[in-house]
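A short worksheet on the structure shown next.
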Amino acid sequence: MTPIEILNATIQGLPAPRIPVFCNLLDQGARELGLSQEAYYAKGEHVAEGQLKMRARYGYDNVWSLFYVGKEAELLGCNKILFTDSGAPNVEDFVIKTYDDIAKLDVPDDITGHPAWEETAKCLTILREEAGGKYPICAYLTASTTLPSLLMGMDKWLELLLTGPDDVRDELVRKCSYFFQKQIAAYRSAGANVLIYSSPFGSPFFVDMKRFHNFSMPWMKRDMEPGGTADVIYYCGMAPFNKVIEDVIQNLGITTHYISPQADLAEAKSIIGTRGLTCGVIDDIKMIHWTAEETRAEVKRLCEIGKPDAHFLLGNGVMPLEVPEKNIAAMINAAFEYGSYL
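Residues 1404 to 1745, numbered by the working numbering, are exactly what the sequence shown covers, in order.
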């Protein structure tokens, strides 16, 4: 079976030789091609080549169309990204500096016509040609309740979220939700078939349950209304969210959940059951200092929890550049060994 067939079978609860194994190596692509991050991310061809080379080196199942999270801000007017070869690129110049800028924020009706989309489109074209139909192609999309942090900074967004004015807050999130709907449709049309819905404010780690139900959930419903959730993975930026899994399944229809390393995997698996896919996630921050043997032991532990009754995938967060290559290889090899059903 091909990796995409293994993934689809696992989601449906059909027989497969092993669990799906995802490994999210992003900035490593620049190092693989011998380029600075700024040069690497300047071209969609570079990102696609980096993804294909990293997947071929380690043998895991997925490839990514993600450049860096700030790419979404560029589609909304950000014109300066901070690049560093020791960490992930990030927004340097915020689009929204005052509340007056929210009224001026323009969301393009067709983001595929925006210059910032051009290189993403090139990357997806290559991935579709080289990996489509065989490997899952992942895209990263920031929820409308979280996207404001990329546009104005987390501190200012929290101030607006928690203290208002509510009409200004809602105007911003409404625009972000409209952008999200356009973005997810563009990724689907371009060939991405695993859509990571990044919604940290959909976790009780970031908001209390009252705010989750009264603020986060209605906006998440709006995000998902046009295209549905069949290919969507619920992800809260490594924050634990077991407490709201049932709400998300019942109200959003998202049944694939990328469980935080800080959460109880067995509890999450028992909540989701055979209704969807539980993604066990190794703590790749700790992998920086682990030995290969410690990495293997953690993969074994996660597989022993997740494998019974199938419906289980093993993955990681966003692998830091500091993680030794031997630990990445140990993770993948152990996942194939302990995740086998044969």
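A virtual CB, placed ideally from N, CA and C, is assigned to each residue, including glycine.
Would you check if the distance between the CB atom of residue i and the CB atom of residue j is smaller than 8 Å?
i, j, result
"tyrosine 1581", "valine 1510", "yes"
"isoleucine 1599", "tyrosine 1543", "yes"
"threonine 1632", "glycine 1656", "yes"
"threonine 1413", "alanine 1669", "no"
"proline 1723", "isoleucine 1685", "no"
"alanine 1419", "tyrosine 1744", "yes"
"threonine 1659", "glycine 1676", "no"
"alanine 1733", "arginine 1699", "yes"
"asparagine 1654", "alanine 1671", "no"
"leucine 1410", "aspartate 1464", "yes"
"aspartate 1512", "glutamine 1440", "no"
"isoleucine 1652", "tyrosine 1461", "no"
"serine 1663", "alanine 1642", "yes"
"glycine 1490", "alanine 1546", "no"
"leucine 1469", "glycine 1453", "no"
"proline 1539", "isoleucine 1731", "no"
Just verifying my parser: in three-state terms, what is the DSSP assignment at residue i?
i, result
"glycine 1718", "strand"
"alanine 1733", "helix"
"isoleucine 1422", "coil"
"threonine 1681", "strand"
"leucine 1544", "strand"
"tyrosine 1538", "coil"
"tyrosine 1590", "helix"
"serine 1743", "strand"
"isoleucine 1691", "helix"
"leucine 1575", "helix"
"valine 1610", "coil"
"serine 1552", "helix"
"leucine 1508", "coil"
"leucine 1724", "coil"
"serine 1395", "Because the chain spans 1404 through 1745 in this model, residue 1395 falls outside it and cannot be assessed."
My understanding is that residue i touches residue j, with C-beta atoms under 8 Å, so please give their C-beta distance in whole angstroms.
i, j, result
"valine 1494", "cysteine 1481", "6 Å"
"valine 1576", "proline 1607", "Not confirmed; about 19 Å, so no contact."
"glycine 1630", "isoleucine 1691", "Not confirmed; about 37 Å, so no contact."
Are three or more beta carbon pairs between the stretch 1421-1438 and the stretch 1716-1728 nearer than 8 Å?
-> For the pair of segments examined, the stretch 1421-1438 was found to touch the stretch 1716-1728: the number of CB pairs separated by less than 8 Å reaches three.
Would you call the stretch 1543-1557 and the stretch 1472-1481 touching, i.e. three or more CB-CB distances under 8 Å?
-> Touching, per the Cβ criterion.
At what residue ranges does the stretch 1419-1504 contain a whole run of the beta strand (DSSP E), taking only runs of 3 or more?
-> none
Runs of beta strand (DSSP E) lying entirely within the stretch 1630-1672, each at least 3 residues, in chain order | 1635-1638, 1659-1661
Would you check if the stretch 1517-1528 and the stretch 1437-1448 touch, i.e. whether three or more CB-CB distances between them fall below 8 Å?
-> Taking one beta carbon from each stretch, the stretch 1437-1448 and the stretch 1517-1528 have 3 or more pairs nearer than 8 Å; the two touch.
The stretch 1596-1612 touching the stretch 1633-1640, judged by at least three CB pairs closer than 8 Å = yes
Kindly confirm or deny that the stretch 1430-1438 and the stretch 1616-1630 touch, where touching means at least three C-beta pairs closer than 8 Å.
-> no
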